[in-house]
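Protein chains in written order, with my numbering: chain A, 992 to 1281; chain B, 196 to 584. Even for Gly, the Cβ is constructed at its ideal location relative to N, Cα and C. A short write-up of the structure that comes next.
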Amino acid sequence: MIVAQLLVNGLALGAAYALVALGFVLVLNATGAVNFAQGDLVMAGGFLAVALAGSLPVPGIVLLPLVMGLMALLGLAVSLLAYLPLRNRPPVSVFISTIAVGIILQNGVILLFGPEPKAAPALFGATTVSLGGLVIPEQSIAVIAVAGLLILGQHWLFARTQLGRRLRATAQDPEMARACGIPVTAMIALTFAVGAALAGAAGLLLSNQFFVTPSSGAGLILKAYIAVTIGGWGSVAGAVTGALLIAAFEVVASATVSYSAATAALYLAVLVILTFRPQGLFGEAAGARA
Amino acid sequence: MADKTKNSGNPALRPALRKVLPLAAALLASVIPPAAAAAELNIPVLVPVTGFLALEGTSQRNGAVLALSDAPAGLKVESEVIDTGTAPEGAVTALERAAGRGTPTAVAASMLGTQMLAMLPLAEEYGVPLVTVSGTASITERGNPWVFRFFPGDGVTKTAHARYAVEELGKRRPAVIHQTTAYGQSGQAHLRDAFAKLGVEPVFEEGVDPGIRDMLPVLTKAMAANPDVLILHLHSGPTALFIRQAAAMGITVPIVAGSAMHQPSTAALLEPAELKGVCAESSASPVSGGTPELERFTADYRATFKTEPDAFALGQYDGIRMVLDAAAKGAETPEAIRDALAKSTYQGLAMTYRSDGRGNMAHSAVIVCYDGASRVPAVVKRYDTAAPP
Chain A
992 MIVAQLLVNG LALGAAYALV ALGFVLVLNA TGAVNFAQGD LVMAGGFLAV
1042 ALAGSLPVPG IVLLPLVMGL MALLGLAVSL LAYLPLRNRP PVSVFISTIA
1092 VGIILQNGVI LLFGPEPKAA PALFGATTVS LGGLVIPEQS IAVIAVAGLL
1142 ILGQHWLFAR TQLGRRLRAT AQDPEMARAC GIPVTAMIAL TFAVGAALAG
1192 AAGLLLSNQF FVTPSSGAGL ILKAYIAVTI GGWGSVAGAV TGALLIAAFE
1242 VVASATVSYS AATAALYLAV LVILTFRPQG LFGEAAGARA
Chain B
196 MADKTKNSGN PALRPALRKV LPLAAALLAS VIPPAAAAAE LNIPVLVPVT
246 GFLALEGTSQ RNGAVLALSD APAGLKVESE VIDTGTAPEG AVTALERAAG
296 RGTPTAVAAS MLGTQMLAML PLAEEYGVPL VTVSGTASIT ERGNPWVFRF
346 FPGDGVTKTA HARYAVEELG KRRPAVIHQT TAYGQSGQAH LRDAFAKLGV
396 EPVFEEGVDP GIRDMLPVLT KAMAANPDVL ILHLHSGPTA LFIRQAAAMG
446 ITVPIVAGSA MHQPSTAALL EPAELKGVCA ESSASPVSGG TPELERFTAD
496 YRATFKTEPD AFALGQYDGI RMVLDAAAKG AETPEAIRDA LAKSTYQGLA
546 MTYRSDGRGN MAHSAVIVCY DGASRVPAVV KRYDTAAPP
């Protein structure tokens, strides 16, 4: 019974991690640059949810579109300030500028909200559901459902719409896309917006059960980086799979061995995967690895 | 980030009073012979208000600033707050910057152990007393006469932690869950020693990375060992996560947490019902009340910073007040302040402070418990280690 309980918890955590990794990989594909601010965007999304909940006492599910919309605007700002002016510079310039964005977000949040940990409202409720002996937090079920819908929505956007085709064309070959009349700069800015919106959603989902602090972004960017490495550099499906694998080690494996051993086992698994499949589980979609 | 303030006595003067004072001063000056000039002190506050220790560092800053804002009559205090971040070089740079404007009389120094270790040689070179609430044991084990710690070390708090579980709750099968950080490992080592002295061996011990979000695995393993008490030594967020998850699982085994639980910001993450029966060790719990002086401190802190004080704030407040007290009694140079801190006894708001010869000033700890109806704990037990003669 406890194994099933752990699986549910692992799936909920993995679903939220998947949103973090997804936002990371979208920007990676569109620009070829690693957005090191992605973890801090998740943190900012969590604090934004906390702030909105202070003035709008409604369930998290009502706040979700608002958080995603405002975070999308923040993503646009990040692209305009931290990526586009440096797009023709060496990649390291963008790495540093996104690191700077992350630091600014952390310190900005400390100034606005203080250093205390905060909790955002639950998506629907804070009760538990009993299912055949399992005691599952309603929030866990909601996180799995909402994250699943967002991942499917992102897939639909990119695979089934004209906008998505333009975004994918920009990601695959910007020069050819520009030659075909696609507004590449706008598409890149839009990708940053989508990535930040997903980060905001992840922030709202994570910060109810697991709280949010101004420094919590650092751990999340590391998880996103590992997830994308496991899944295949630039692979969207790989990023989601990698995120679920990390959560499995974090929740399920650590129930049988110590946390330290589970963490060591995760990195050992990463090494094994990279030894036998250097391109990751789903193969590399992006050309250059940071 | 620097926030420069000058304080001379109570700065909270009302506008009407400000108009009257110059006139009164002129009248007094005409009839009273000139008095000796007020002693001038320079006490910079070099603490981490950004980074992973921002929560505790902000408390430390607030405690120091509050103490400096109400200096005893006759003292003129100049102070500036410099953020040290969390890197050792950040603290060193801050100390060099502060010293560049003239040797400080004393410094409210970072609570981060690695930063203190980096500042110690410089403090000795400049001859500046460092007044801190850092819990890192090694800062007072290096023979440096310029460091003074106004927060009990793990040797004091973890002994109280273990004694409360064994002697007061009558538990013999503790499960110890600690953080994997230096803070967590130090606490675990002291807990193990303290339990051993009480003839008790933990039935379960495990370290948890601060980045771990789901506590169900460790909770499951701990409960499989059939403990009769859960002993936590975790940071703020993980403490709240653990207690929330334990409450959701309906676990009735009592929890005695580390000092992070006493922080009002930790309790704010939990519903009062989730806190029912939870206890925690701490050096003090200002929000729990006590003496009128302590309650005045808490009221002033709330009014000034719009937040709740914790033991770090109170420890730093007491430390700076002891410096000001020494200065008011005539210790005007850094050397004189050092000697006064090293040799005097001071009755602070949290406890009585006296150096053990190595700069460890605090020798008391308390246990607080939550009743399930509010987020304000009650002090249920006090442990005073004999202060050195």
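Burial state of C1171/A, where buried means 16 or more other Cβ atoms lie within 10 Å: Counted from its first residue, the first sequence places residue 1171/A at position 180. Around the beta-carbon of C1171/A, fewer than 16 other beta-carbon atoms lie within 10 Å, marking it exposed.
Counterpart residues of I426/B in DSSP-defined beta bridges: Mapped onto the second sequence, residue 426/B falls at position 231. V371/B and V451/B.
Chain A residues whose Cβ lies nearer than 9 angstroms to that of D409/B: For the purposes of this step, residue 409/B is taken as the residue at position 214 of the second sequence. In chain order: L997, N1000, G1001, A1003, L1004, Q1200, F1201, A1238, E1241, V1242 and S1245.
Contact set for G280/B: own chain, Cβ-Cβ below 7 angstroms, skip 5 residues either direction: Within the second sequence, residue 280/B is the residue found at index 85, counting from 1. Only P243, T245 and G246 meet the Cβ criterion.
Delimiting residues of the beta strand (DSSP E) encompassing S460/B: On the second sequence, residue 460/B is found 265 positions in, with the first residue counted as 1. In this chain, S460/B is not harboured by any beta strand (DSSP E); it is covered by the alpha helix (DSSP H) spanning P459 to A462.
Length of the line joining the Cα atoms of A1281/A and R497/B: As a position in the first sequence, residue 1281/A is number 290, starting the count at 1. As a position in the second sequence, residue 497/B is number 302, starting the count at 1. Only weak support exists for where A1281/A lies, its pLDDT of 45 falling under 50; the coordinates are left without a value.
Status (buried if at least 16 other CB within 10 Å, exposed otherwise) for Y512/B: Residue numbering aside, residue 512/B sits at position 317 when the second sequence is read from its first letter. Result: buried.
Classification of R938/A by the beta-carbon crowding that lies within 10 angstroms, buried from 16 upward: Residue numbering for chain A in the displayed model covers 992 to 1281; residue 938/A lies beyond these limits and cannot be assessed.
Partner residues on chain A for L600/B, Cβ-Cβ distance less than 7 angstroms: No statement about residue 600/B is possible, as the shown extent of chain B runs from 196 to 584 and does not include it.
Contact between the region 999 to 1012 of chain A and the region 1231 to 1246 of chain A (3+ Cβ pairs under 8 angstroms): Between the region 999 to 1012 of chain A and the region 1231 to 1246 of chain A there are three or more C-beta pairs closer than 8 angstroms, enough to call the two in contact.
Neighbour flag for G406/B against chain A, beta carbons, 7 angstroms: Your numbering for residue 406/B matches position 211 in the second sequence. Closer than 7 angstroms: yes.
Distance between A1209/A and I1095/A (C-alpha atoms, nearest Å): If you number the first sequence from 1, residue 1095/A lands on position 104. If you number the first sequence from 1, residue 1209/A lands on position 218. Going by the C-alpha atoms only, they are around 13 angstroms apart.
Exposure label - M456/B; buried when at least 16 CB within 10 Å: Sequence index remark: in the second sequence, residue 456/B carries index 261 (1-based). Buried is the call here.
Residue-level contact to chain B via CB, S1131/A, 7 angstroms cutoff: Here residue 1131/A refers to the residue found at position 140 when the first sequence is read from its first residue. For S1131/A, the answer is no, since every Cβ of chain B falls outside 7 angstroms of its Cβ.
For L1114/A, three-class secondary structure by DSSP: Position 123 of the first sequence, counting from 1, holds the residue named residue 1114/A. In this structure, DSSP gives L1114/A a state outside helix and strand, which the three-state scheme calls coil.
As assigned by DSSP and simplified to three states, the class of V1227/A: Within the first sequence, residue 1227/A is the residue found at index 236, counting from 1. Helix, per DSSP.
Within chain A, the residues that M444/B reaches when beta carbons sit closer than 8 angstroms: Within the second sequence, numbered from 1, the residue matching residue 444/B stands at position 249. The answer, in chain order, is V1126.
Beta-carbon gap between K1109/A and V1041/A smaller than 7 angstroms: Locating residue 1109/A in the first sequence gives position 118, counting from the first residue. Locating residue 1041/A in the first sequence gives position 50, counting from the first residue. Going by C-beta atoms, K1109/A is nearer than 7 angstroms to V1041/A.
Rounded separation between R367/B and Y565/B - CA only: For the purposes of this step, residue 367/B is taken as residue 172 along the second sequence, with counting starting at 1. For the purposes of this step, residue 565/B is taken as residue 370 along the second sequence, with counting starting at 1. Rounded to the nearest angstrom, the two C-alpha atoms are 22 angstroms apart.
Contact check, A1228/A vs F1273/A, beta carbons under 7 angstroms: Here the question's residue 1228/A lines up with position 237 in the first sequence. Here the question's residue 1273/A lines up with position 282 in the first sequence. A contact, by the Cβ cut-off of 7 angstroms.
Under the three-state DSSP convention, the category R549/B falls into: Walking along the second sequence from the start, residue 549/B turns up at place 354. Strand at R549/B.
Local Cβ density within 10 Å of Q1153/A, reported as buried at 16 or more and exposed below that: What you label residue 1153/A is simply residue 162 of the first sequence in a count that begins at 1. That one is exposed.
Inter-residue spacing [alpha-carbon to alpha-carbon] between D278/B and A289/B: Translated into the one-based positions of the second sequence, residue 278/B becomes position 83. Translated into the one-based positions of the second sequence, residue 289/B becomes position 94. Those two C-alpha atoms are separated by around 8 angstroms.
Residues of its chain near V413/B, where Cβ-Cβ distance is below 7 angstroms and the 5 sequence neighbours each way are ignored: Numbered from 1 along the second sequence, position 218 holds the residue referred to as residue 413/B. Excluding residues within five positions, the ones whose Cβ falls inside 7 angstroms are I372, E401 and V403.
Environment of V575/B [buried if 16+ CB atoms lie within 10 Å]: Position 380 of the second sequence, counting from 1, holds the residue named residue 575/B. Exposed, by the Cβ-count rule.
L1213/A versus I1264/A - alpha carbon distance: One-based indexing of the first sequence puts residue 1213/A at position 222. One-based indexing of the first sequence puts residue 1264/A at position 273. Spanning the two alpha carbons is a distance of roughly 18 angstroms.
Partner residues on chain B for S1249/A, Cβ-Cβ distance less than 8 angstroms: In the first sequence, residue 1249/A corresponds to position 258, counting from 1. Those within 8 angstroms of S1249/A in chain B are E401 and G402.
Cβ-based burial, G1124/A [other Cβ within 10 Å; buried from 16]: For the purposes of this step, residue 1124/A is identified with residue 133 of the first sequence, where counting begins at 1. Residue burial is scored here from C-beta neighbours: G1124/A has fewer than 16 other C-beta atoms within 10 angstroms and is therefore classed as exposed.
Pair within 7 angstroms by beta-carbon distance, A589/B and P1106/A: Coverage of chain B is limited to positions 196 through 584, which leaves residue 589/B absent and any answer about it impossible.
CB contact below 7 angstroms: N1079/A versus chain B: Counting from 1 along the first sequence, the entry for residue 1079/A is found at position 88. Answer no: the Cβ-Cβ gap between N1079/A and chain B never drops below 7 angstroms.
Contact set between V413/B and chain A, taken where Cβ atoms lie within less than 9 angstroms: The residue given as residue 413/B occupies position 218 in the second sequence. Going along chain A in sequence order, the residues near V413/B (Cβ under 9 angstroms) are S1245, A1246, S1249 and Y1250.
Cβ shell of P283/B (< 6 angstroms), same chain only, five flanking positions each side left out: Taking the first residue of the second sequence as 1, we reach residue 283/B at position 88. Same-chain partners within the cutoff: T309, Q310 and A313.
Proximity of V302/B and L241/B at Cβ, strictly below 7 angstroms: In the second sequence, counting from the first residue as 1, residue 302/B sits at position 107. In the second sequence, counting from the first residue as 1, residue 241/B sits at position 46. Cβ distance < 7 angstroms, so V302/B and L241/B count as in contact.
Neighbourhood of R256/B by C-beta, 7 angstroms cutoff - its chain only, sequence neighbours within 5 removed: Along the second sequence, one-based indexing puts residue 256/B at 61. V240, V242, V244 and V276.
Per-residue contacts from A175/B into chain A (C-beta, under 8 angstroms): The shown model of chain B, from 196 to 584, leaves out residue 175/B, and the question about it has no answer.
Under 8 angstroms (Cβ pairs) to chain B, residues found in the region 1092 to 1106 of chain A: Q1097, N1098, I1101, G1105 and P1106
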